[in-house]
Structure formats: C-alpha cells, structure tokens
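I have placed the structure first, in the form of structure tokens, so that the comments after it can refer back to it.
Protein chains: 2
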Amino acid sequence: MIDYPALAALMAVIECRGFERAAQRLHISQSAVSQRIRQLEFRLGQPVLLRTNPPRPTELGQRLANHLQQVLQLEQGLLLDDEQAQTRLRIRLAVNADSLETWLAPALATAPEAQRMDFEMVVDDQDVGLRRMKNGEVMACICAAEQAVNGGLASFLGKLRYRALATPTFVERYQCGQALGQPQPDLAMIPSLIFNQDDHLQHRFLQTVNPQQPAPVYYHICPSAGGFIRMALAGLGYGMMPQIQVQEWLARGELVDIVPGYHLDVPLYWHYWQTESPLLKGLRKALTNSARAVLEP
Amino acid sequence: MIDYPALAALMAVIECRGFERAAQRLHISQSAVSQRIRQLEFRLGQPVLLRTNPPRPTELGQRLANHLQQVLQLEQGLLLDDEQAQTRLRIRLAVNADSLETWLAPALATAPEAQRMDFEMVVDDQDVGLRRMKNGEVMACICAAEQAVNGGLASFLGKLRYRALATPTFVERYQCGQALGQPQPDLAMIPSLIFNQDDHLQHRFLQTVNPQQPAPVYYHICPSAGGFIRMALAGLGYGMMPQIQVQEWLARGELVDIVPGYHLDVPLYWHYWQTESPLLKGLRKALTNSARAVLEP
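This is the structure in structure tokens:
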C-alpha cells in the first residue's frame with residue numbers, strides 16, 4: 001500500500017511551492033514534511049521532488065500526486081462530512097489551445113462542484129496529450145483523436161469550426177476572396193499564419209483549395225491564439241481561426257473569408273478513464289452539455 | 001567564408017518544410033539541395049538539419065539560418081533592385097506572451113517594411129528569451145530585463161499595467177473588494193489564476209496586499225492568456241491581467257478589482273544587437289512609437 005500521508009506531504013509541497021508553507025497547510029512541522037518525502041523516496045528508490053525553488057515534482061512525483069487526487073475524488077463519492085466538503089481538488093487536464101481560448105472555461109464552470117476544483121491546464125499537441133493521459137500525468141484529455149487509450153473511453157463533444165480569415169484590406173491587396181470552387185490565386189504564396197510547426201490546419205486548408213501547392217511558402221509563426229488573431233487583424237497574414245473565437249470581428253466585417261464557403265470542422269473528444277470518479281463524471285456531463293450548445297454537432 | 005548558397009538551401013528546407021518544395025523555391029534540383037546541405041554538414045563536422053518530417057534545424061542549423069537572415073537584411077541596406085524588393089525576410093523574435101496578446105501585432109504592422117516580413121514569434125520566459133538572443137537564435141527580444149546582453153542594447157518601450165481582477169459575483173462570494181490599505185481577507189486562500197509555474201505576478205500581488213501569506217494556496221494553472229481571461233469571466237478565480245487586454249470587460253463592469261487601487265507595472269525593453277540592420281532599425285522605431293501610445297510611460 002502506498003504511504004498516503006507521504007503523498008499528501010508531496011502534494012502540499014508542490015501546490016504550496018515550498019516545504020514551510022506545506023507544513024503550515026498540513027499543520028505539521030517542516031521537518032516532518034521533509035522526513036515523509038525522504039522516506040517515500042527511500043522506499044521507491046528514486047526522487048519524487050526536485051529541490052529547486054519552488055520545488056518541482058519528478059515525473060514519478062507528478063504521477064503520485066495525480067494518483068492521490070484520483071483517490072481523493074473517489075473518497076468524495078463515499079462520504080461528505082464537513083472536512084471533506086472543504087477540500088479543494090486539483091484536476092489536471094490536457095487540452096488543445098483553441099478549446100481553452102474559447103468554450104472550455106465557461107463549460108467547466110457549469111460542473112456541479114466547479115467551485116471546489118483547482119484546474120491545471122496542460123496545453124499540448126494531441127499526441128502528447130494522450131501520452132500524458134497514458135502516463136497518468138493528467139486525469140482527462142480533450143483532443144481530436146477518436147481512439148481511446150487502453151483502459152480509457154472517449155466521448156464526442158462536438159466539432160470546432162475553423163475558417164480561413166483575414167481583413168478586407170488584406171483580401172483586396174492579395175486579390176483573393178474568390179468563392180470555393182472558383183479559380184483561386186496561388187494561396188500558398190500569400191502570407192499566412194500558423195500557430196507552430198505542428199499546426200497542420202493551414203496545410204489542410206491549402207490541400208483543399210490549392211492542391212498543386214499545399215504547403216504555405218510565406219508564413220508567420222505565432223504560438224499564441226490571441227496574438228494570432230491580432231496579427232490577422234493587423235493585416236499581416238490570413239489564418240485558420242475557430243469561428244466561435246472571432247464572432248465579433250466577423251459580425252463587424254473586420255475579418256472575412258479568404259475563400260468564402262470554405263470551412264474545416266475539427267472533432268473534439270473527452271478522453272477519460274473507465275474508473276471515473278463521481279466528481280469527474282459530473283464534470284464530463286456538464287462539459288458535454290455545454291459543448292453541445294457551442295460546438296457544431 | 002560561410003557557404004551562403006548552402007545556407008540558402010538550409011533555410012529553404014526549413015521554411016518550405018521539405019526538400020522537394022525547397023528545390024522548387026530555389027529553382028534547383030532536389031538532389032542539389034541535399035548535396036549543398038550535406039557538404040555544409042561535412043565542413044562543419046556536425047548536422048544542421050534533423051531529417052524528420054518536416055525537417056527541423058539543429059541548434060547550429062537555426063543559428064546559421066538566423067545569420068543568413070541578418071546578412072540578407074544587411075544586403076537590403078545596400079541595394080534595392082527588383083529582385084531584392086520581392087524577397088520576404090524572416091524575423092525571429094523572442095517575446096513575452098502578454099505583449100503578443102495585446103499591443104505587439106498592430107505595432108509590428110506599422111513598421112515601414114512590415115508587409116515584406118515573415119514574423120516568427122518565440123514565446124518564452126524572459127531569461128530564456130535573452131539566452132536565445134545570446135545564442136543568436138532570435139534577432140531581438142521583448143522582455144522585462146533592463147540589462148542588455150554582451151554586444152547588445154536595450155531600449156525602453158513602456159510599462160504593461162496589470163490589475164488583479166475577477167467577476168463581481170466572485171468578489172461578493174469571497175467577500176473581498178476592500179480598497180488597498182484597508183484590512184484584507186486572506187487572499188492567498190481565495191482561488192486565483194496563474195499562467196504557469198514561472199509566473200510570479202500573483203506572488204508579487206500577494207506580497208503587497210497579503211504579506212503574511214505571500215504565496216497562493218489555491219490556484220488554477222492556465223498557460224493560455226485568452227483561456228486565463230475566460231476562466232476569470234467564468235468565475236473560477238481571480239488573476240493578474242494586462243489592463244489593455246481586458247478594457248472592454250472593465251468598461252462593462254464584468255471584471256472588477258479584487259483590491260481597488262492596486263496595480264503592478266511591468267517594464268518592457270526591446271533588446272537588439274549593436275550591428276542592427278536598417279530593416280530592424282525601422283522595426284524598432286515603429287515599435288517604440290506604437291508602444292508609447294499604448295503602454296504606461
């Protein structure tokens with residue numbers, strides 16, 4: 001059996017970012033905190049915590065802290081005395097950047113126990129997100145992959161609709177704006193925006209509308225969703241943006257389609273473990289309902 | 001002397017994400033591209049390119065590509081024939097996330113040659129940004145450090161003003177909202193938002209208003225500036241946000257101060273090399289002017 005008081009000490013040090021504050025939170029001495037963690041490391045034969053400032057968990061330490069959170073969540077299902085009801089729970093989620101920028105936060109807030117959850121968002125490409133899930137580093141994952149991991153399930157949330165957008169001035173300067181199916185200029189030569197080197201949306205757009213040259217030749221790289229939109233609004237390039245993120249600019253005509261009629265729907269799935277705690281089940285149901293209202297079916 | 005045609009081949013492969021498209025861009029055969037790069041590696045005694053899909057530069061390869069960009073920019077100052085005027089230049093900048101989310105893109109667009117630049121944004125903590133600059137991986141860096149690197153200069157841009165904000169409902173639920181200087185509740189116990197583990201703004205806020213407990217105990221982690229604001233708007237926590245990023249919600253009263261009267265100004269500097277090309281000089285002047293209009297003096 002794992003030494004749970006030691007795990008609680010480990011998690012307190014990580015969350016409070018120090019041994020002294022962890023001791024305060026647990027109402028024990030600082031040396032007791034250190035001793036518990038040393039004993040845990042001795043038993044496991046490897047470190048769980050890097051003694052940096054602030055201390056950081058090793059990969060093993062993170063898995064243990066996450067395991068403790070899952071255990072605490074399961075405990076929630078058993079009993080609800082006063083002390084339990086006071087506990088806040090840390091929920092680590094691997095999510096895609098565009099969900100976090102748009103629909104996810106209001107959806108999380110609708111979960112029954114949302115006010116008692118501390119969310120920790122890990123933003124990754126989808127392959128990395130699913131790997132983190134397999135490693136037990138996160139409790140759930142939102143990504144475009146339909147295939148569940150071993151021991152896990154995947155629930156469809158909806159589709160995030162992307163459109164290739166730029167300012168009207170930009171469209172005029174580069175003489176694009178022809179509807180889908182019409183002859184197009186060489187769109188790969190028109191400055192575009194990509195999020196990072198792993199972002200393939202721009203390529204998927206070009207594969208459809210510009211198949212003879214499906215890779216962008218001139219492009220800006222902007223690994224910040226807000227910055228991405230600002231760069232488009234500043235007329236520096238065109239890019240693939242989630243429609244729900246840019247509604248106000250679309251409504252005001254400040255962003256328009258590069259190829260009217262084109263859009264790309266990216267499906268999103270909630271990946272979770274079959275051994276789902278009641279708390280995470282509540283979160284999943286709330287998210288699924290909220291997603292249905294904002295995403296494409 | 002460095003083999004510049006080989007560097008041009010290297011940069012084309014990186015930018016076009018493949019040997020075949022690089023060959024098309026350079027109007028040479030694909031085997032000529034491969035041979036130039038192999039010869040470059042043979043001469044340097046180490047690889048410049050990882051043969052992944054898409055190919056990626058090694059650290060040395062990135063430095064060489066960046067050097068080529070600087071040389072091309074210097075060439076711009078010499079002559080301006082038709083071919084030169086057609087060339088697009090890649091400008092790699094290390095920037096802080098909040099500048100990218102707010103004032104930076106419209107400021108870049110005011111640079112005289114902005115329409116011929118492909119910007120590549122690298123978002124880092126400031127220490128990493130300056131290290132990238134020293135390594136020659138980026139051409140300039142925007143960060144809070146005043147001290148220039150060896151051989152570089154730092155120019156003051158202005159200060160980004162942060163306020164600790166939440167929804168009115170949140171302020172009411174946690175009974176905060178007392179003005180600066182008044183007795184405060186234990187703000188470290190109220191759920192807050194931090195960007196990542198290297199984000200110290202929340203700690204600096206608590207050091208001022210809550211000195212007996214200067215580290216947040218309960219907090220969400222959200223490494224996405226847009227998501228950060230959405231989480232605050234969803235009532236999940238309070239957080240330090242750039243005032244210029246949330247003006248609309250402040251104006252509508254949807255975000256209010258946790259401690260009215262408190263703000264934190266973070267200075268921003270443009271770090272650049274003494275051997276500045278005319279093109280980058282134009283960019284710096286335009287940025288400095290734009291920054292003056294939106295940042296605090």
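As you go down the protein sequences, you meet chains A and B in turn.
Per full-length UniProt numbering, the first sequence runs over residues 1 to 297.
Per full-length UniProt numbering, the second sequence runs over residues 1 to 297.
From the three backbone atoms N, C-alpha and C, an ideal C-beta is built for every residue, glycine too.
(request) Answer with buried or exposed for methionine 121 of chain B, where buried requires no fewer than 16 other C-beta atoms within 10 angstroms of its C-beta. (result) buried
(message) I want to see whether chain A comes within less than 8 angstroms of glutamate 296 of chain B, judged by CB atoms only; does it?
(response) no
(request) Let me know the secondary structure DSSP gives methionine 121 of chain B once reduced to three states. (result) strand
(message) Would glycine 226 of chain B pass as an interface residue toward chain A - the criterion being a Cβ-Cβ separation below 8 angstroms?
(response) yes
(request) Give the residues of chain B in contact with tyrosine 272 of chain A, contact being defined as C-beta atoms less than 8 angstroms apart. (result) Those within 8 angstroms of tyrosine 272 of chain A in chain B number zero; the least Cβ separation is about 20 angstroms.
(message) According to DSSP, tryptophan 249 of chain B sits in a beta bridge with which residue or residues?
(response) BP columns for tryptophan 249 of chain B are empty, so no partner.
(request) Could you have a look at serine 290 of chain A and say whether DSSP puts it in helix, strand or coil? (result) helix
(request) Leaving out five residues on either side along the sequence, give the residues of the same chain with a beta carbon under 8 angstroms from the beta carbon of arginine 88 of chain B. (result) Arg116, Met117, Asp118
(request) Please report the Cβ distance between asparagine 227 of chain B and glutamate 248 of chain A, rounded to the nearest whole angstrom; I am assuming they are in contact, meaning their Cβ atoms lie under 8 angstroms. (result) Here the sequence assigns glycine to residue 227 of chain B, which means asparagine is not the residue at that position. Rounded, the Cβ-Cβ distance is 18 angstroms, inconsistent with contact.
(message) Judging by CA-CA distance, which residue of B/Val149, B/Pro106, B/Gln70, B/Asp125 is the nearest neighbour of alanine 97 of chain B?
(response) B/Asp125
(message) Let's see if you can read the secondary structure: which residues bound the beta strand (DSSP E) around alanine 94 of chain B?
(response) 89–95
(message) Tell me which residues of the segment 211–225 of chain A have at least one Cβ-Cβ distance to chain B shorter than 7 angstroms, keeping chain order.
(response) Ala215, Val217, Tyr218, Tyr219, His220, Ile221, Cys222, Pro223, Ser224, Ala225
(request) Give, in chain order, every residue of the segment 189–203 of chain A whose Cβ lies closer than 8 angstroms to some Cβ of chain B. (result) Pro191, Gln197
(message) Does glutamate 133 of chain B come out as helix, strand or coil in the three-state DSSP assignment?
(response) Residue 133 of chain B is actually methionine in this sequence, not glutamate. Methionine 133 of chain B falls in the helix class under three-state DSSP.
(message) Is it the case that the segment 263–272 of chain B contacts the segment 154–163 of chain B, given that we only count it when at least three CB pairs across the two stretches are under 8 angstroms?
(response) yes
(request) With valine 259 of chain B as the anchor, note down where its beta strand (DSSP E) starts and where it stops. (result) Neither: valine 259 of chain B is in no beta strand (DSSP E) and is coded neither H nor E.
(request) Answer yes or no: do threonine 6 of chain B and leucine 40 of chain B have a C-beta to C-beta separation smaller than 8 angstroms? (result) The question names threonine, but residue 6 of chain B is alanine in the sequence shown. Contact: yes.
(message) Could you tell me the alpha carbon to alpha carbon distance between alanine 188 of chain B and alanine 188 of chain A, rounded to whole angstroms?
(response) 50 angstroms
(request) Report yes or no: is there a C-beta of chain B within less than 8 angstroms of the C-beta of methionine 231 of chain A? (result) yes
(message) Given this structure, state the Cα-to-Cα distance separating residue 298 of chain B from glycine 181 of chain A, to the nearest angstrom.
(response) There is no way to answer for residue 298 of chain B, as the model of chain B reaches only from 1 to 297.
(message) Quick check: is the beta carbon of arginine 25 of chain B nearer than 8 angstroms to any beta carbon in chain A?
(response) yes
(request) Select from the segment 118–139 of chain A all residues with a C-beta closer than 7 angstroms to any C-beta belonging to chain B, and list them in chain order. (result) Asp118, Phe119, Glu120, Met121, Val123
(request) Please list the residues of the segment 149–173 of chain A that have a C-beta atom closer than 9 angstroms to any C-beta atom in chain B, keeping them in chain order. (result) Arg173
(request) Have a look at valine 33 of chain A and arginine 17 of chain A and give me their C-alpha separation to the nearest angstrom. (result) 13 angstroms
(request) Using three-state DSSP, classify leucine 60 of chain A as helix, strand or coil. (result) helix
(request) Would you mind stating whether isoleucine 258 of chain B and tyrosine 219 of chain B have Cβ atoms separated by less than 8 angstroms? (result) no
(message) So glutamate 101 of chain A contacts chain E; which residues on that side make the cut at Cβ distance below 8 angstroms?
(response) Judged by its chain identifiers, the structure shown contains no chain E, and its protein chains are A and B.
(message) Would alanine 105 of chain A pass as an interface residue toward chain B - the criterion being a Cβ-Cβ separation below 8 angstroms?
(response) yes
(message) Quick check on the DSSP output: what are the complete alpha helix (DSSP H) runs of length 4 or more inside the segment 141–202 of chain B, in order along the chain?
(response) 168–173
(request) Tell me, please, whether the CB atom of leucine 50 of chain A is closer than 8 angstroms to any CB atom in chain B? (result) no
(request) Work out the CA separation of leucine 255 of chain B and asparagine 210 of chain A for me, nearest whole Å. (result) 44 angstroms
(request) Can you grab the Cα-Cα spacing for the pair asparagine 135 of chain B / valine 128 of chain B, in whole Å? (result) 10 angstroms
(request) Specify the secondary structure class of leucine 72 of chain B as computed by DSSP and reduced to three states. (result) helix
(request) Tell me, to the nearest whole angstrom, how far the beta carbon of serine 290 of chain A is from that of tryptophan 103 of chain A; I am working on the premise that it is less than 8 angstroms. (result) 7 angstroms
(request) Measure the C-alpha to C-alpha separation of glycine 239 of chain A and alanine 232 of chain A and round it to an integer number of angstroms. (result) 7 angstroms
(request) Run down chain B in chain order and give the residues with a C-beta less than 8 angstroms from the C-beta of proline 185 of chain A. (result) The premise fails here: proline 185 of chain A is roughly 16 angstroms from chain B at the closest Cβ pair, so nothing lies under 8 angstroms.
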